[in-house]
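Counting from 1 along the sequence shown, just add 183 to a position and that's the residue number in my numbering. Below is one structure, written out as structure tokens; comments come after it.
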Amino acid sequence: MSDFEKACSEGDRASAWRALERAHIISQPFLGPHLGNHRTMLRYASEQRDWREVMGQLVRLALAPLGALTGRIPIGNTGRSNVSAFQQMHIPDDLRRAIERKLR
């Protein structure tokens with residue numbers, strides 16, 4: 184999230200979204216941080232007036248608890264509205280290692 188804050192302060196939208204996507208991948212196994220990440224994505228989309236993304240984040244905020252309860256979180260998903268909320272995706276190696284350390 185510090186990368187997100189830095190990108191925002193520099194006005195770099197692409198890097199800000201990339202940082203949020205990476206934070207989303209790391210947060211997925213943990214419901215609280217996962218929801219917090221989607222709230223941040225929702226806030227940022229609202230600030231950008233990206234209404235498609237706003238709607239996508241609202242849907243994901245509703246789905247995340249259900250996915251956690253049923254164990255059906257799409258691992259590696261970036262959390263953005265430009266991909267299906269149900270699509271599993273490749274986890275970059277550096278993030279995979281970070282997640283494995285957290286789960287130990």
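In this text, a Cβ means the ideal position worked out from N, Cα and C, and glycines have one as well.
| Item | Value |
| --- | --- |
| Of the listed residues Phe187, Trp200, Arg284, nearest to Asn265 (C-alpha basis) | Trp200 |
| Option nearest Ala206 by Cα separation, candidates Met184, Pro275, Gly194, Ala197 | Met184 |
| Rounded separation between Arg263 and Ala245 - CA only | 14 Å |
| Sequence-distant residues of the same chain with beta carbon closer than 6 Å to His217, five excluded per side | Ser210, Gln211, Ala247 |
| Per-residue burial, Met238 [other beta carbons within 10 Å of its own, 16 or more giving buried] | exposed |
| Under the three-state DSSP convention, the category Phe187 falls into | helix |
| Ala251 beta carbon less than 9 Å from that of Asn260 | no |
| Status (buried if at least 16 other CB within 10 Å, exposed otherwise) for Gln271 | exposed |
| Whole-number beta carbon distance between Arg196 and Gln231, since they are thought to touch under 8 Å | 7 Å |
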